[in-house]
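Structure, as structure tokens:
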Amino acid sequence: MIGLYFGLASSIIAIIVVLFLIKSVVSKEEGSDV
3 MIGLYFGLAS SIIAIIVVLF LIKSVVSKEE GSDV
């Protein structure tokens, strides 16, 4: 059961990290628009 929650939490964290990286890359390419 603990392994299931750990897998779910790690996948959610991975998704958040990917979204943050995409957002930072997009904002860099757009320029001053945050």
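Counting from 3, one number per residue, gives the positions in the sequence shown under the working numbering.
Ideal Cβ placement from N, Cα and C applies to all residues, glycine included.
Note that the structure is a prediction, hence the values are computed from the model and not measured.
{"Query": "Roughly how many angstroms lie between the CA atoms of Tyr7 and Lys25, to the nearest whole one?", "Result": "27 Å"}
{"Query": "What does the alpha-carbon distance come out to for the pair Lys30 and Val19?", "Result": "16 Å"}
{"Query": "Nearest-angstrom Cα distance between Ile4 and Ala11?", "Result": "11 Å"}
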